[in-house]
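So the sequences go chain by chain: C and R. For the first sequence, this note's numbering assigns the number 1 to the initial residue and increments by one for each residue that follows. For the second sequence, this note's numbering assigns the number 1 to the initial residue and increments by one for each residue that follows. We treat Cβ as the ideally placed atom computed from N, Cα and C, and that holds for glycine.
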Amino acid sequence: MTFALMPQKWSIASCLFPHEENPTLPGPGPHPVLIAGVIPDKKLVLAVYGSGQTDVTLARGALEPYQIQITQRSSYLHLTTRFDFRKAVPIEWCADWFKPIGYNVPIIMGRLDQSQIIQANRAMREWDDRLKLGAVPWGTVPMIATPAQAAQPMIVVKKRRDFTQPGNGEE
Amino acid sequence: MAKEMQMTTLGLMTHGAHAVGERFMNDMQISMVPAASAPLNVKPAPRDLTDVEVQSMWAKHPGVSFSDFL
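Structure, rendered in structure tokens:
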């Protein structure tokens, strides 16, 4: 069964949030993502999750050059939302990840307008420049991993401190 | 009596039909608003992705880089 046609770059789609324990699997949601790029032959999209409500308040801080803020008035979003290219992630374009937010609502909810696309392109290139300068270790040089490593789920287990052992008490 | 009943029924029918019709139209107006032009009740994600989450999602697609999407 084929899924919906791949979205255009700069579409806004509804996508599940990554699972907390294994981020390579879809978790709760869906929430709006900005589709910042598409690789059709790999069925991959570059998704930028909209930042949470508290993140979009001006009190949080000025907009970084690699972020854009979309007002709800000019888009299909419920709230003014900030998209941070630092947090852009590749996701398979499939029904497991992309779900409509409700009955009769399309998965692709809208698209940025021309002025927003100019801002988004600028922000995306800014983050690409920073990646090339080594801002973070991922998303730059293709990461070397065997298929077995890539398939390995990443489970973060928080180790609890054992207070029964000497030296593990509070400082 | 029969005539009265007929008139009452007619009145109820016309009034009722009007009320139902009006309500139906209101409902229709709500449901007919195109999804793409209405502010949807879709809220931003509850939190930002952590660096660990971002890293593991990139690691799932070795050979794909940010520049590939430019």
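Out of C:Lys43, C:Val45, C:Ala36 and C:Glu20, state which residue places its alpha-carbon closest to the alpha-carbon of alanine 73 (chain R). Residue 73 (chain R) is absent from the model: chain R starts at 1 and stops at 70.
With a threshold of 9 Å between beta-carbons, can lysine 98 (chain C) be considered close to chain R, or not? Counting from 1 along the first sequence, the entry for residue 98 (chain C) is found at position 98. Here residue 98 (chain C) turns out to be phenylalanine, not lysine, going by the sequence shown. No - not a single Cβ of chain R is within 9 Å of the one on phenylalanine 98 (chain C).
Same chain, Cβ closer than 6 Å to phenylalanine 3 (chain C), neighbours up to 5 away in sequence not counted: Mapped onto the first sequence, residue 3 (chain C) falls at position 3. Here the set comprises Cys94 and Ala95.
Does DSSP put tryptophan 93 (chain C) in a helix, in a strand, or in coil? Here residue 93 (chain C) corresponds to residue number 93 of the first sequence, with the count starting at 1. Assigned with DSSP and collapsed to three states, tryptophan 93 (chain C) falls in coil, not helix or strand.
Give the DSSP-derived three-state secondary structure of phenylalanine 83 (chain C) in the structure shown. Here residue 83 (chain C) is taken as the residue at index 83 of the first sequence, counted from 1. Phenylalanine 83 (chain C) falls in the strand class under three-state DSSP.
Against proline 23 (chain C), what residues of chain R qualify as contacts under a CB-to-CB distance less than 7 Å, listed in chain order? Position 23 of the first sequence holds residue 23 (chain C). Neighbours of proline 23 (chain C) on chain R, chain order: Glu53, Ser56 and Met57.
As a quick exercise: from C:Arg111, C:Ala88, C:Gln69 and C:Gly50, pick the residue whose alpha carbon is nearest that of leucine 131 (chain C). To locate residue 131 (chain C), count along the first sequence from 1; it is residue 131. Checked all of C:Arg111, C:Ala88, C:Gln69 and C:Gly50; the closest Cα to leucine 131 (chain C) is C:Ala88.
Considering just the uninterrupted stretch of the beta strand (DSSP E) at glutamine 8 (chain C), what are its terminal residues? Translated into the one-based positions of the first sequence, residue 8 (chain C) becomes position 8. Note, glutamine 8 (chain C): premise wrong, no beta strand (DSSP E); not H, not E.
What would DSSP say about serine 203 (chain C), mapped onto helix, strand or coil? As displayed, chain C neither begins before 1 nor continues past 171, which places residue 203 (chain C) out of reach and without an answer.
According to DSSP, simplified to helix, strand and coil, what is proline 192 (chain C)? This structure leaves residue 192 (chain C) out entirely; chain C is present only between 1 and 171.
Buried versus exposed call for glutamate 171 (chain C) [16 or more other C-beta atoms within 10 Å across all chains shown]: Along the first sequence, read from residue 1 onward, the residue named residue 171 (chain C) stands at position 171. In this prediction, glutamate 171 (chain C) has a pLDDT of 45, which is less than 50 and means its spatial position is unreliable; what the coordinates show is noted afterwards. Flag for glutamate 171 (chain C) reads exposed.
Out of curiosity, what's the CA-to-CA distance linking histidine 61 (chain R) and arginine 111 (chain C)? The residue labelled residue 61 (chain R) in the question sits at position 61 within the second sequence. The residue labelled residue 111 (chain C) in the question sits at position 111 within the first sequence. When rounded, the distance between both Cα atoms is 26 Å.
Please classify glycine 63 (chain R) as buried or exposed, where buried requires at least 16 neighbouring CB atoms within 10 angstroms. Counting from 1 along the second sequence, the entry for residue 63 (chain R) is found at position 63. For glycine 63 (chain R), the number of other beta carbons within 10 angstroms of its own is below 16, and it is reported as exposed.
In the region 91-133 of chain C, which residue ranges form an unbroken alpha helix (DSSP H) of at least 4 residues, counting only runs that do not cross its ends? 114-132
Drop a sphere of 10 angstroms on the beta-carbon of leucine 133 (chain C), count the other beta-carbons inside from all chains shown, and report buried for 16 or more, exposed for fewer. Sequence index remark: in the first sequence, residue 133 (chain C) carries index 133 (1-based). Label assigned to leucine 133 (chain C): exposed.
Using 9 Å as the limit for Cβ to Cβ distance, is arginine 122 (chain C) near chain R? On the first sequence, residue 122 (chain C) is found 122 positions in, with the first residue counted as 1. The beta carbon of arginine 122 (chain C) does not come within 9 Å of any beta carbon belonging to chain R, so the residue lies off that interface.
Are the CB atoms of phenylalanine 17 (chain C) and isoleucine 26 (chain C) within a distance shorter than 9 Å? Sequence index remark: in the first sequence, residue 26 (chain C) carries index 26 (1-based). Sequence index remark: in the first sequence, residue 17 (chain C) carries index 17 (1-based). The sequence given here has proline at residue 26 (chain C), not isoleucine. Going by C-beta atoms, proline 26 (chain C) is nearer than 9 Å to phenylalanine 17 (chain C).
Short check: CB of glycine 50 (chain C) to CB of proline 32 (chain C), under 9 Å? Taking the first sequence and counting its residues from 1, the one referred to as residue 50 (chain C) is at position 50. Taking the first sequence and counting its residues from 1, the one referred to as residue 32 (chain C) is at position 32. Yes; because the gap between Cβ atoms is below 9 Å, this pair is in contact.
In three-state terms, what does DSSP make of alanine 45 (chain R)? On the second sequence, residue 45 (chain R) is found 45 positions in, with the first residue counted as 1. Residue state, collapsed to three classes: coil.
So, using beta-carbon positions, are leucine 44 (chain C) and proline 90 (chain C) closer together than 9 Å? The sequence position of residue 44 (chain C) within the first sequence is 44, counting from 1. The sequence position of residue 90 (chain C) within the first sequence is 90, counting from 1. Result yes, Cβ atoms of leucine 44 (chain C) and proline 90 (chain C) sit closer than 9 Å.
DSSP three-state label for proline 62 (chain R), please. If you number the second sequence from 1, residue 62 (chain R) lands on position 62. Coil, per DSSP.
Same chain only: Cβ atoms within 8 Å of serine 14 (chain C), ignoring 5 sequence neighbours per side: Within the first sequence, numbered from 1, the residue matching residue 14 (chain C) stands at position 14. Answer for serine 14 (chain C): Gly29, Pro30, His31, Pro32, Val33, Phe98, Lys99, Pro100, Ile101, Val105, Ile107 and Met109, listed in chain order.
Is the separation between the beta-carbon of alanine 36 (chain C) and that of phenylalanine 85 (chain C) shorter than 9 Å? As a first step, residue 36 (chain C) is located in the first sequence; it is residue number 36 there, counting from the start. As a first step, residue 85 (chain C) is located in the first sequence; it is residue number 85 there, counting from the start. Yes, the Cβ-Cβ distance between alanine 36 (chain C) and phenylalanine 85 (chain C) is below 9 Å.
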